[in-house]
Structures are given as C-alpha cells and as structure tokens.
C-alpha cells in the first residue's frame, strides 16, 4: 500500500473509501475521485510510456491533451483524469502507445 | 516575367510531380503549375496510400505491376523516404455470394503472372487472429502490393524534380493557352506567360476546367470518398492491408453499387483497411458524387465503421480520432485513366482520370508520360488509355 | 438513428452555457444543454463530486460559492432545461446537426438555433523537459487542488504569465504545498500604461491584490521577468532551471538558477477552444495579443453562420463574468430569432448587458495585453524539445521542414505527423504557428490551420457502427 497521501481536507468530508490496483499495487481511492486524483494522492505520476519510451503523466487535467492514457480494466487509451475510480478497478501503465 | 520550358505540367499532385521528375531525369526543363499554395491539396492528400494489385485488370494491371516495381527502390532513387512497406494484401469476403467474384479475381491475377493464394477462413484466422469469424475466404498477395505514404510520394517526387532543375509555381492558375498553327506555344497564368513545347494536364478532378480552355471535354469528375482514422494499436501479425471483396467489384462498377438494396453498398462503402507502421488503422472508403464537396456524412461513416468491424471485430473498441474526405478523379465513361497525347492541339498531353489508384499508378504514369513527351513512344502500351476514345464528346 | 429536432441547443455547461440556458428558459424557450463533464459548471465552477460532503463552503473559495448560486438558478428553471451530462460532442454536421455520445450510444440533435460555449484550455508552452511527469498546467493543478482536493506534488515551482498563477499559488499554499517560487514572465513596468483600463473593476483589482498579499504572507518569491528554461528528471521532474527574461521574453544568458522541485505548474493563460465553431464553418480571426484564433461574431454573439452563436471563453479569454453576459446575449438573440420575444424586448434586455460588458471587456483586454505571450519565450525551445506531444515530433524536425520551404501548418502536419495524434493538434498547433512565423517572418494568421474534421473527441468505432433504426 502506498504510504504517500497527498489529499487535503479543507471544507469537505469524503465518502466511501476503497482500494484500487495500480500495476499490481493496492492504493486507496475515495468515491467521487477520478483515477488521476487517486494516483496523484499516492504520489504516482507516470501514466504511460510513449513509443520512444518517454514517461508521460497528467498535463492538462481536463481531458484535452490525452497524455494520461492508461489501461483501465483492460481498456487501453483511457484518460484517467476523466474516469472515476471504482472499487478494485485495475489500472496499468500503458506502454508503446 | 516570362519563362521558357520544354514542358509545363499543370497540377502538383502525385501524378504531376511524378511526371515532372521523370521528365527532368531525361534532361527536360520542366515547370509545374499548382493553383494551391502547396502540394497535396487534392486527391494526393486525401487517401490512405494503399497500392494493391487486386484493384486492376488488364491492360491497366500491367502498368500497375510495373509501377509497384518502381516503388520498391523509389526512396533510394529519389533520395526521399516515401515510407514504402511491402505489406502485401488480403482480399477477403464475409458473404458467400462473393466467392465466384473472388475466384474470378484470383484467376485473372494468376493469368497475368501475379502470385495469389486462396485461403479458407479458419486458416486465415490462424495466420491473423484479428480477423472475424464472419470472414469466409480470402485471396492473399504478398510480393507486389504495398503501402506508401502518399504525402511523401507527392513531396518526394517534387523534391527530386527540383533537384534536377524543375521549377514549381505555387498559388498560380492557368488562364489560357496560346496556340499557333494548331500547336501549343505558350501558357498564360495569372502572373506571367510561359513559352513551352508541351503542356501536360495532370490536374486530377480539375482537369475538365483546363480542358475547357482548349475546347476539349475531359470526362473526369470528382468521386467523393471518406476515410476513418483510428488511434494507434499494436500491429497486426500477418496482414496490415485488408480489403473487403466488395472493393474489387464496386471500385469498377459504381452503377451496380447504386442499384444495390444494401444502403452501405449504395454509398459505395467498400472496406480497405490499412494499418500504418505507426499503428493507426485507416478505414476507407466510400463512393458518391457530391461535386467538389469534401464534407463528412454521418451515414457513410456509420457504414464504414460497421463494415470494418465485420472484418476485424477488435476494432469495435478502438477509437476513431479523425475522419477525412477527398475525391478521386474518375473517368465517368469507362473508369480507366487518360494517358495520352492529343491530336488537336498538338503539344498537349493528358494524364488524369486515375480514379482511386492514382498513388499506385504515379510512378509508371510519370515514366510513361516522360517517354511519350521526349521520345514519342512508350515502353508499355497505352492505347487503351487514349484520349481519342472520347471522339464523340470532342 | 432518429434525429431529434429541437428549438435551441447549447453546447457547454460552463458559465456561458448555463446563463444562456437560464435566459432562454426565462423567455419560455425549451432548451437542451449538452456537456461532456459529469456535472455542470465548466472549469471555473467545477462542482465537487456528490460523494464529497461539503462541511464548510467558505473554505471552498469564492468561485465555488458563485458556482453554487448559478447551478441553483439553473435547477430552478429545470422544467424548461434538458441537461445532458457526461456527453462528449464529437461532430457537427450540415444544418447544425449535433452528434454526441450519450450513455454509450451515438445520438443526434437538430436545433434551429445553436449556441456553442466550448470554453478554453491552458495554452501549451513547450520548453525542454515539459513532457516530464510532474510538469502540468496551472489549470490541471487547480482542478486537482480545488475539486479533487489532492496536491499534485509537494515542492512546486509556478511559471507562466497572468493572474491565474496567483490563484493557483494561493490554493497550493492553503492546501499545504511548498511553493518554491512564482515566475512571472511579464515585467511590472509594462502594466502601468494600462492602468486606465483597469479603472472601475474594483472587485477584480481587489482579488488580484489579495492573491499577491497571500504570496507576501507566505514569503514566496514572486519574480517578474522570469521564466523556466528547463525541467529536468528521469521518470519525473526533480529539478528546474529558470532565468531572467528581457521585455520580449528572451532568456538572459548568465542569469540561470537551478532549484529542486517535484512539480512544475505552467500557467501561460488560456486559449479558446474553437474546434466546434471551426467545424460549423464559422469564420475566425487571429487575435495577436491573445495569440489565438477566435470565432467572428456580431454584438449579439451570432457568428458568420446564421443561427450559430458563440459565447464565453471560446470567443476570447475574458473570464466568467464576461462569459455569463455573453451567454445571455446569445440566448436573447436566439429567442428573438425563434420568435419568442420581440425585437424591442430583445434590445431592452440586451442594452444593460452591453454596458456591463464594455467595462469588463476593457479590463480583460488590458490583462491580455499586459500578460501577452512574448515571442522570446519560444527561443527556450531547443531542437530536441518535443512540440507534438502525441506523435513525439521535435522542434528540430519541424524547423527543418520549415527551412525546406513549408509555409503552413497543414504542410508540416503532412510531413511530420504533428497534429495527427489523439489531441488532433490542440497541444501543438498554436506553437507550430508561432514557429513558422518566427522562422519565415510570416504573420501567424497566414500559417493556416488543419482542416476542421470530426470527431472532435475520439469515438469508439463500435458506437459509430451501431444499428440505425
């Protein structure tokens, strides 16, 4: 389980807490969070590796740059900044695409 | 400013630039006139670079095969990478009724010496697991057919022609011809006059406009096609060039397509799926007549997608990231290109009407037209493509 | 697939779209609003998830409170407003036919009048190392901190130009991050000559001063005439190099400083999203001080395509207050054209809005001028800096093609594949236009753009292929 937790609390109380799996590692997520938020909260910032093997992560945050594409529950090219985390969803770093 | 040329090529597409290159190679002083501000603005910039032998029958088949041979070493010859990939192709069918057409197509090709193999569905899927269960049988050709990058072909020929002294006049339009004693002596553009011995009309779907200036009816009209582009996905194992068997029928016979009850057929949807080595699939194409309009239409797009998924079910979950459209310069009399000198006026050569096979035929067109102009004979017979077959219109 | 015919469709449920909807509902016009996000609010009024219980709205910031008010008004008119959420619009076809994805299906609407409020996004500004994970836009960081309540990192450098950076810095500090420095590329001396244009907009000036005060309080260096010149790291950014820049944005050699960071937020202002307005065939013009193309429109927000209106930041960056008024104007004119209100009533309702907008627009255009993108910032780009992030095309490749004679974006796209990836040029077109202009001395507006084509967002082939009725 990731030890980093970069969540803030001001003005809100989060809902249900659950686990998701990222490249085999279990990390925490909260209902209503995007997968991107859960990843950042756990200090994970590499979403994919390009064809030229360069690491990429979240850039625009609003779904227009397509940099944060990961494999979510078997589906490639899923923008994690636009996808809500669900209990036990499996997320993988995407390679070569 | 007035210029002088041995030959002026009207049209800066793949055909025009190929002709310019081969002419320049023979030492001719060539000027290419292009009305747009750059290259690839016509059909050459709106296709997916597929060069299959399957699309042809004799006598055009022989020209196509020779053209494909020229492509093999073209990058090295012109010093410009056209991204040639000897992918071969698989022509396959999801309808039992197409079996006779496919057999006939295979026999025709074999008779001409093309090495094709008929493969049944299950073996096809063993070789290429991404093929759908609906695929019944396929005809595969491995040695000659290829994919190229059409932009690079257009720019590559231009680059090579320039290196040999050809001049390119962009954003320039032909306004009229000067004729003396039945022979072309000059071309007048919107900027200047060019004295020349030969004028070559290689203006694709705009050739009729140029023909009109000479009181000639060039029976070519734009046939629209739409193509879907997907995001990159891992490369297919065996075949990255998959054709719907309908392609070999519809490409030649738009009348039959119109009479069909299948709405997809009516729109001339015939799949040609190509996967670039970048991983993107381009899914073409359709055939309809909408003038020079290159708008995307919903129905066509839906049928293109539907047809593609039948052949490769995994495409269902792949994203389309772009759709583009262009048009083919189709000779509406017989579907064959026009590669020919003209009797009147003398000094005029027409090289257009390549329909959907302009990229495939670009190298051989350039070579043969350069021979026609500089030697008044061609190394391959082009009688079937003569302009004089339109005597009744001219 | 049946195509639903309706009176008025609004694309985008940000401040412009919401106000347009409310204004139309007030005139008794039924309206359908389509938005790709899960909830209305756009970027500035982005709502928290329903699963997050608000315990203290005051801790959520002024924008959130304003957003709440606006959403409540929207809900009040809900009998007249159909809101389709989580529905990316992917195409607009002939006769204003709008195609969008809804619950996994392809749907189409044919409105008599269409208001496009597609918003804006952070201007992508390349520099060496900008593609490293941990380098993200100010907009992305703001969304993470404000809405997702997550810090994008712990040791943050902000670099860019304009007031949005100040907002972000304040938010980051309040959320507990260490803000190492805020680099502002503009110089303060330039701002004075625009003082008269800032006059009258006291709320906005107060806001700006408040953010500067927060930085002061946190003892965070706010360095004007400075910009990042490189982000370094292996798998993520761990170091940044910045330098002083001259009035034109050129880094001054010898002034480089290196700082350890784990996050870089780049805030170079916003550029209008014009994918949909381009697709409709609307004419656009290039705004040099914004450094971006905007759709042409009359004072009622109608574009050059009859029946198609635009509103909000997609018409030019001017903030939420202007967006709301423009939305209202567009709706008023659309309702008049639909015959629901008379010309007199339309004029009566529009006049006070015109007045309000004059003052607001003066302020915003002054801001845009003060914080315009200085050309010198593009000299940071080395030959191996990635320009097209999707296709990994470097500046060197593009510069070579330009040197070989390419004069337009389309040509560069064809020969390098820049702009052919998932984002379809959103992240690279504006930069490539500047690069062509710098290298060939052409005006940016002469560099053209890539032919507008659907889909504006990726759409699975299976959904495209679904059976027709």
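Chains as they are written, first to last, in my numbering: chain R, 13 to 109; chain A, 7 to 400; chain S, 8 to 476. Virtual Cβ for every residue (Gly too), placed ideally from N, Cα, C. Being a predicted model, the structure only gives us computed values, none of them experimental.
Of the residues the options, the one placed nearest residue i, counting alpha carbons only
{"i": "residue 229 of chain A", "options": "A/294, A/199, A/214, A/240", "result": "A/294"}
{"i": "residue 77 of chain R", "options": "S/229, S/79, S/436", "result": "S/436"}
{"i": "residue 424 of chain S", "options": "A/389, A/304, A/58, A/283", "result": "A/283"}
{"i": "residue 402 of chain S", "options": "S/445, S/145, S/256", "result": "S/445"}
{"i": "residue 5 of chain S", "options": "S/227, S/344, S/299, S/164", "result": "Nothing about residue 5 of chain S can be reported from this structure: the residues present for chain S run from 8 to 476 only."}
{"i": "residue 275 of chain A", "options": "A/54, A/312, A/389, A/239", "result": "A/312"}
{"i": "residue 162 of chain S", "options": "S/141, S/171, S/313", "result": "S/141"}
{"i": "residue 65 of chain A", "options": "A/342, A/399, A/369", "result": "A/342"}
{"i": "residue 73 of chain A", "options": "A/33, A/53, A/152, A/102", "result": "A/152"}
{"i": "residue 84 of chain A", "options": "A/159, A/222, A/387, A/146", "result": "A/159"}
{"i": "residue 131 of chain S", "options": "S/455, S/460, S/459, S/430", "result": "S/430"}
{"i": "residue 270 of chain S", "options": "S/176, S/325, S/231, S/361", "result": "S/176"}
{"i": "residue 45 of chain R", "options": "S/156, S/65, S/328, S/26", "result": "S/156"}
{"i": "residue 433 of chain S", "options": "S/418, S/448, S/442, S/464", "result": "S/464"}
{"i": "residue 316 of chain S", "options": "S/78, S/305, S/353, S/117", "result": "S/305"}
{"i": "residue 240 of chain A", "options": "A/149, A/156, A/321", "result": "A/321"}
{"i": "residue 278 of chain S", "options": "S/378, S/89, S/447", "result": "S/378"}
{"i": "residue 388 of chain S", "options": "S/442, S/80, S/427, S/337", "result": "S/442"}
{"i": "residue 67 of chain A", "options": "A/150, A/128, A/22", "result": "A/150"}
{"i": "residue 237 of chain A", "options": "A/288, A/300, A/273", "result": "A/288"}
{"i": "residue 63 of chain R", "options": "R/15, R/108, R/16", "result": "R/108"}
{"i": "residue 291 of chain A", "options": "A/297, A/298, A/271, A/285", "result": "A/271"}
{"i": "residue 57 of chain A", "options": "A/37, A/111, A/94, A/139", "result": "A/94"}
Contacts that residue i makes with chain A (C-beta to C-beta distance below 7 Å)
{"i": "residue 7 of chain S", "result": "Since the first and last residues shown for chain S are 8 and 476, residue 7 of chain S lies out of range."}
{"i": "residue 40 of chain R", "result": "Neighbours of residue 40 of chain R on chain A: none; closest Cβ ~29 Å, over 7 Å."}
{"i": "residue 233 of chain S", "result": "Those within 7 Å of residue 233 of chain S in chain A number zero; the least Cβ separation is about 38 Å."}
Residue i, enclosing alpha helix (DSSP H) - first and last residue
{"i": "residue 37 of chain S", "result": "Looking at the DSSP string, residue 37 of chain S is not in any alpha helix (DSSP H), and its letter there is neither H nor E."}
{"i": "residue 214 of chain S", "result": "209-224"}
{"i": "residue 181 of chain S", "result": "171-181"}
{"i": "residue 441 of chain S", "result": "436-447"}
{"i": "residue 128 of chain A", "result": "127-133"}
{"i": "residue 468 of chain S", "result": "468-472"}
{"i": "residue 301 of chain A", "result": "Careful: residue 301 of chain A lies outside any alpha helix (DSSP H) and carries neither H nor E."}
Span of the beta strand (DSSP E), counted from its first residue to its last, around residue i
{"i": "residue 229 of chain S", "result": "229-231"}
{"i": "residue 89 of chain R", "result": "87-91"}
{"i": "residue 12 of chain A", "result": "9-16"}
{"i": "residue 103 of chain R", "result": "102-104"}
{"i": "residue 242 of chain A", "result": "Premise fails: residue 242 of chain A is in no beta strand (DSSP E) and is neither H nor E."}
{"i": "residue 249 of chain S", "result": "246-251"}
{"i": "residue 281 of chain S", "result": "Element bounds for residue 281 of chain S: n/a, residue is neither H nor E."}
Contact belief for residue i with residue j at Cβ below 8 Å, rounded distance in angstroms
{"i": "residue 192 of chain S", "j": "residue 167 of chain S", "result": "7 Å"}
{"i": "residue 40 of chain A", "j": "residue 17 of chain A", "result": "7 Å"}
{"i": "residue 460 of chain S", "j": "residue 330 of chain A", "result": "6 Å"}
{"i": "residue 130 of chain A", "j": "residue 141 of chain A", "result": "6 Å"}
{"i": "residue 96 of chain A", "j": "residue 146 of chain A", "result": "5 Å"}
{"i": "residue 366 of chain S", "j": "residue 208 of chain S", "result": "6 Å"}
{"i": "residue 213 of chain A", "j": "residue 200 of chain A", "result": "Going by Cβ atoms, the distance from residue 213 of chain A to residue 200 of chain A rounds to 19 Å, so no, they are not a contact pair."}
Listed by chain order, chain R residues near residue i by CB distance under 9 Å
{"i": "residue 243 of chain S", "result": "57, 58, 67, 69"}
Within chain A, partners of residue i - CB distance below 8 Å
{"i": "residue 87 of chain R", "result": "323"}
Within chain R, the residues that residue i reaches when beta carbons sit closer than 7 Å
{"i": "residue 237 of chain A", "result": "89"}
Where residue i meets chain S, residues with beta-carbon distance less than 9 Å
{"i": "residue 52 of chain R", "result": "151, 155, 157, 158, 159, 160"}
Neighbouring residues, chain D, relative to residue i (Cβ below 9 Å)
{"i": "residue 30 of chain R", "result": "In the displayed structure, chain D is absent; the protein chains listed are R, A and S."}
Chain-ordered neighbours of residue i on chain R, where CB pairs are closer than 8 Å
{"i": "residue 147 of chain S", "result": "70, 71, 72, 73, 74, 93"}
{"i": "residue 433 of chain S", "result": "76, 77"}
Beta-carbon neighbours of residue i, restricted to chain S and to distances below 7 Å
{"i": "residue 312 of chain A", "result": "472"}
{"i": "residue 157 of chain A", "result": "421, 422"}
For the region 112-162 of chain S, list the alpha helix (DSSP H) runs that are entirely contained and at least 4 residues long, ordered along the chain. The region 112-162 of chain S contains these whole alpha helix (DSSP H) runs: 145-149.
Taking only runs of the beta strand (DSSP E) that begin and end inside the region 302-340 of chain S, which ones reach a length of at least 3 residues, in chain order? 315-317
At 3 residues or longer, what runs of the beta strand (DSSP E) sit wholly inside the region 343-377 of chain A? 344-347, 354-358
Identify every run of the alpha helix (DSSP H) within the region 48-123 of chain A, keeping only runs that are complete inside it and at least 4 residues long; order them along the chain. 66-78, 80-84, 105-117
Whole alpha helix (DSSP H) runs in the region 20-66 of chain S with 4 or more residues, listed along the chain? 22-33
Would you list, in sequence order, the uninterrupted beta strand (DSSP E) runs of no fewer than 3 residues that lie entirely inside the region 345-422 of chain S? 393-395
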